[in-house]
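Report on one structure; see the data block that follows.
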Amino acid sequence: MKKYYDSASVAKLDAGLISSGIPSAVLMENAGGAIARDVLELFPANGLPRRAVICVGAGNNGGDGIVVARRLALSGWAVTILLTRDREALKGDGAVFARFVPSSVRWEASGRLSDEEVLRAFDASDVVLDGLLGTGTTGEPRGEIRRLIGLLNRSAAPCLSIDLPSGIESGGPWVQAAFTSSIAAYKASCASGSRRTACGRVKLHALCFGEADQLEEPALCGLERSDVAALAPRCPNWAHKGTRGGVLIFAGSDRYRGAALLSARGALRAGAGLVVLASSSSVLDAAAASLPDAILERLDDGSDAASVLSRWKDRCRAMIVGPGLGRDGRAEEVAAAAAGFDGSSVWDGDGLSFLPRLGTSSGRRCLTPHEGEAARLLGGWDFESAPDRRAEGARRLAGLFGPTLLKGPGSLVAGEKISVIEAGGRVLAVPGSGDVLSGAVGAMLAAGLDCEAALVVAGWCHGRAGDRLTERLGADGRLAQEIADELPQCLNEVCS
Ligand SMILES: NC(=O)C1=CN([C@@H]2O[C@H](COP(=O)(O)OP(=O)(O)OC[C@H]3O[C@@H](n4cnc5c(N)ncnc54)[C@H](OP(=O)(O)O)[C@@H]3O)[C@@H](O)[C@H]2O)[C@@H](O)CC1
Ligand SMILES: Nc1ncnc2c1ncn2[C@@H]1O[C@H](COP(=O)(O)OP(=O)(O)O)[C@@H](O)[C@H]1O
Ligand SMILES: [K+]
3 MKKYYDSASV
13 AKLDAGLISS
23 GIPSAVLMEN
33 AGGAIARDVL
43 ELFPANGLPR
53 RAVICVGAGN
63 NGGDGIVVAR
73 RLALSGWAVT
83 ILLTRDREAL
93 KGDGAVFARF
103 VPSSVRWEAS
113 GRLSDEEVLR
123 AFDASDVVLD
133 GLLGTGTTGE
143 PRGEIRRLIG
153 LLNRSAAPCL
163 SIDLPSGIES
173 GGPWVQAAFT
183 SSIAAYKASC
193 ASGSRRTACG
203 RVKLHALCFG
213 EADQLEEPAL
223 CGLERSDVAA
233 LAPRCPNWAH
243 KGTRGGVLIF
253 AGSDRYRGAA
263 LLSARGALRA
273 GAGLVVLASS
283 SSVLDAAAAS
293 LPDAILERLD
303 DGSDAASVLS
313 RWKDRCRAMI
323 VGPGLGRDGR
333 AEEVAAAAAG
343 FDGSSVWDGD
353 GLSFLPRLGT
363 SSGRRCLTPH
373 EGEAARLLGG
383 WDFESAPDRR
393 AEGARRLAGL
403 FGPTLLKGPG
413 SLVAGEKISV
423 IEAGGRVLAV
433 PGSGDVLSGA
443 VGAMLAAGLD
453 CEAALVVAGW
463 CHGRAGDRLT
473 ERLGADGRLA
483 QEIADELPQC
493 LNEVCS
């Protein structure tokens with residue numbers, strides 16, 4: 003498990019270390035030293051003259067930057083410290099360390115420079131360090147700090163953020179860093195959603211020794227392969243298709259035919275022993291040609307969802323409701339019938355829109371909304387204004403409707419616990435990708451996993467499929483069916 007902490011617990015840890023007798027300047031020197039080593043490693047001199055601009059805000063995050071300035075200057079770098087306030091206004095350990103900065107370092111007050119002058123200085127650097135705001139951020143970036151965040155994001159020079167990208171603890175704007183040297187703990191604010199990519203490559207550094215033991219409960223846990231392997235289903239060699247479990251899928255409509263096919267393909271590729279696709283004729287005609295492995299149940303042929311359900315409920319442990327289903331009267335009837343299923347079900351796409359009217363489920367139910375669907379289910383929800391809004395939204399959905407996988411970069415699984423799916427990236431942002439995921443969840447439920455475990459294993463394998471495709475073929479232009487076809491290898495990584 004990769005543990006992510008909120009800034010308040012990290013600030014509390016800092017305070018605890020200081021009150022237990024470790025001078026705060028020692029902590030700052032350790033932090034600054036580790037960050038300087040990162041810079042020297044990322045930008046080896048190799049006989050070249052190296053330049054850095056270090057942006058320094060009012061707090062200790064800027065103090066770390068001043069330590070880095072001294073260390074880089076002593077290693078032969080040309081360093082400019084860009085202060086958001088006058089040098090005389092420096093406080094605390096930062097003010098102490100400022101006295102030890104070599105005279106080769108240039109000090110500039112950013113307020114005296116125009117945007118063009120700041121950008122010129124940034125662009126002439128090998129790296130710009132962001133020591134504007136750290137764990138002491140309150141509210142949205144203001145004044146000079148806000149201006150510099152905007153300029154950092156406009157500059158072509160790579161940015162290394164000290165501890166965390168400035169502004170990320172707020173509703174924005176925040177720095178888009180190429181690298182982040184994180185102090186004492188991975189920050190929860192960078193784990194999920196649009197903030198996930200703001201850190202770039204992250205390196206974690208201890209502040210002194212073993213202080214991580216003193217941190218309280220993590221705000222979020224990042225799922226690693228071994229965590230997923232502990233939950234993944236094991237299929238014995240004597241298995242028959244009944245052992246693997248069956249999935250009944252209510253999906254697709256005349257307008258959205260592919261969604262049903264991709265969901266069924268996801269379920270088959272994730273190891274379901276039986277897949278029954280119940281849909282309209284136009285969907286089933288397409289399925290007949292491309293999905294010989296699925297059993298097809300025509301819904302517009304005198305057969306209603308309730309009778310399909312009663313025909314298959316004994317052979318299907320799991321049900322998928324919603325991908326491409328539509329939201330018309332026919333879809334509503336399907337959803338109402340499906341609500342009576344007493345096995346395990348995953349609700350996705352259009353199926354989600356019926357949940358508030360369906361009440362509690364007779365079986366075990368989970369859901370896979372993206373942010374738009376989640377906001378509708380919550381009667382409106384703002385995911386962006388603070389870093390913990392995604393986790394809070396996912397928890398609320400889990401409380402209202404059942405274990406929830408909130409999709410997007412760093413998808414969250416909320417149930418008994420809350421965890422982040424580390425695998426995956428923009429390669430997954432293609433049409434039908436979520437339909438494939440619903441199929442994989444269905445297969446995991448059919449294999450006998452409980453809802454939360456099914457979301458974890460399917461979500462991780464879906465992300466891992468994306469990573470494998472990116473490594474082999476690149477991150478753009480992939481098809482959702484390729485994600486489905488990559489699932490067996492991903493399951494192999496956690497099931498064998
Ligand atoms: N503590 C330790 O021992 C160690 C801490 N370490 C380092 O210190 C960092 C935390 O330091 P911190 O607590 O000083 O907070 P930090 O974010 O640098 O500055 C806060 C100041 O900024 C201002 N400000 C706030 N919000 C703002 C906004 N929205 N927009 C504009 N301005 C804003 C506000 O000043 P004000 O405007 O109120 O005068 C406030 O005083 C931590 O991330 C790590 O890097 C490490 O060295 C290890 C040892
Ligand atoms: N930038 C991204 N990084 C990681 N995962 C992403 C990203 N964009 C989308 N995804 C994933 O891709 C899938 C998209 O699902 P969804 O929006 O329901 O698509 P569709 O409705 O077309 O099937 C989700 O699993 C989501 O987590
Ligand atoms: K920072």
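If you read the sequence shown in my numbering, its first letter stands for residue 3, the second for the next number, and so on. All residues carry an ideal CB built from backbone N, CA and C; glycine is no exception.
When you compare each of Pro405, Tyr258, Gly324, Asp229 to Val496 by their alpha carbons, which one comes out closest? Asp229
For Val504, which residues in the same chain have their Cβ closer than 7 Å to its Cβ, ignoring the five residues on either side in sequence? Residue 504 is absent from the model: the chain starts at 3 and stops at 498.
Taking 6 Å as the cut-off, is the C-beta of Thr406 nearer than that to any heavy atom in ligand 1? No, Cβ of Thr406 sits at least 6 Å from all heavy atoms of ligand 1.
Helix, strand or coil for Glu119, going by three-state DSSP, please let me know. Glu119: helix per DSSP, three-state reduction.
Can the beta-carbon of Ala400 be found less than 7 Å from the beta-carbon of Gly417? yes
When DSSP labels each residue in this structure, what does Ile56 get in the three-state scheme? strand
Looking at Leu408 and Ala396, is the spacing between their C-beta atoms short of 7 Å? Taking 7 Å as the Cβ cut-off, Ala396 and Leu408 qualify as a contacting pair.
Lining residues of ligand 3 - beta-carbon closer than 6 Å to any non-hydrogen atom, in sequence order: Answer in sequence order: Asn63, Asp132, Gly133, Leu134, Leu135, Gly136, Ser163, Ile164, Asp165, Leu166, Ser168.
Quick one, are the C-beta atoms of Gly326 and Ala231 less than 7 Å apart? no
Gly461 and Ser498: beta carbons closer than 7 Å? For Gly461 and Ser498, no; Cβs fall outside 7 Å.
Using the Cβ count rule (16 or more neighbours within 10 Å means buried), how would you classify Ala126? exposed
Would you check if there are 3 or more beta carbon pairs closer than 8 Å linking the stretch 340–349 to the stretch 281–301? no
Quick one: Cα of Leu115 to Cα of Leu74, how far? 23 Å
Backbone CA spacing between Gly94 and Asn62 [nearest angstrom]: 8 Å
Could you give the C-beta distance for Asp40 and Lys189, rounded to a whole number, given that I count them as a contact under 8 Å? So it is not a contact: roughly 16 Å between Cβ atoms.
Taking the Cβ atom as the reference point for each residue, do Ser183 and Pro389 lie within a distance shorter than 7 Å? no
Express the C-alpha separation of Val422 and Ser194 in angstroms, rounding to a whole number. 7 Å
May I have a chain-ordered list of the alpha helix (DSSP H) segments no shorter than 4 residues that lie completely inside the stretch 6–35? 9–21
Of all the options Gly268, Ser9, Gly224, Val310, which has the alpha carbon lying nearest to the alpha carbon of Val415? Gly224
Burial state of Leu475, where buried means 16 or more other Cβ atoms lie within 10 Å: exposed
Would you give the residue range spanned by the alpha helix (DSSP H) that Glu394 belongs to? 391–403
Can you name the residues that DSSP bridges to Ala416? Checking the DSSP bridge columns, you'll see Ala416 partnered with Thr406, Ile420.
Thr199 and Ser9 closer than 7 Å at C-beta: no
Going by the beta-carbon positions, is the gap between Leu298 and Ala266 smaller than 7 Å? Taking 7 Å as the Cβ cut-off, Leu298 and Ala266 do not qualify as a contacting pair.
Alpha carbon to alpha carbon, what distance is there between Gly353 and Asp437? When only Cα atoms are considered, Asp437 and Gly353 end up about 12 Å apart.
When the distance is taken between beta carbons, is Gly468 closer than 7 Å to Gly404? no
Please confirm whether any heavy atom of ligand 1 lies closer than 6 Å to the CB of Asp66. Yes, since a heavy atom of ligand 1 falls inside the 6 Å radius drawn around the Cβ of Asp66.
Go ahead and pull the three-state DSSP assignment for Thr370. Coil, per DSSP.
Identity of the residue in Cys161, Gly444, Val336 nearest Arg367 by Cα: Gly444
Using the C-alpha atoms, what's the distance from Gly361 back to Leu489? 33 Å
Option in Val103, Gly202, Glu394 with minimal Cα separation from Trp176: Gly202
Where does Leu50 land, buried or exposed, given buried means 16+ other C-beta within 10 angstroms? Its Cβ having fewer than 16 others within 10 Å, Leu50 is exposed.
Could you check if Arg329 belongs to the surroundings of ligand 4, using beta carbon to heavy atom distance under 6 Å? For ligand 4, the structure offers nothing, since it holds only ligand 1, ligand 2 and ligand 3.
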